[in-house]
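J.: Numbering (my numbering), first residue to last: 470 to 550.
We put the beta carbon where it would ideally sit given N, CA and C, even for glycine.
Dumping the structure here so I can ask a few things about it.
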Amino acid sequence: FDGDTHTSFTNNDGNSIRIVNQRIYGHHVLRMNYMTYDVRCDYNIINPRQHAFVMVKSPETDPDTHLYWYVQVLGIYHADV
Numbered sequence: 470f471d472g473d474t475h476t477s478f479t480n481n482d483g484n485s486i487r488i489v490n491q492r493i494y495g496h497h498v499l500r501m502n503y504m505t506y507d508v509r510c511d512y513n514i515i516n517p518r519q520h521a522f523v524m525v526k527s528p529e530t531d532p533d534t535h536l537y538w539y540v541q542v543l544g545i546y547h548a549d550v
């Protein structure tokens, strides 16, 4: 995903998504594992109830745009599709 404009999916693509057993699962926290600059394993936790604000690097390349996107996580969900 590279921004708000998204043309790589058609309406038919969106309509063809099927959720297995029509179930979406909610979670209290999201734990993301990653490799640090000095090649160590580390992790971050996002908890929408306590630390819901996240900052991610923006893919925008225009020099007048902001380097980061600031986000408030409202919930954490997953589904088998």
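Tell me the DSSP secondary structure of D511 in three-state form.
T.: strand
J.: Which residues bound the alpha helix (DSSP H) around G483?
T.: 480-484
J.: Please work out which residues of its chain come closer than 7 Å, Cβ to Cβ, to G544, disregarding the five sequence neighbours upstream and downstream, and give them in chain order.
T.: G495, P517
J.: Kindly indicate the opening and closing residues of the beta strand (DSSP E) around Q541.
T.: 537-541
J.: Note down the Cα distance separating I486 from Q519, rounded to an integer number of angstroms.
T.: 32 Å
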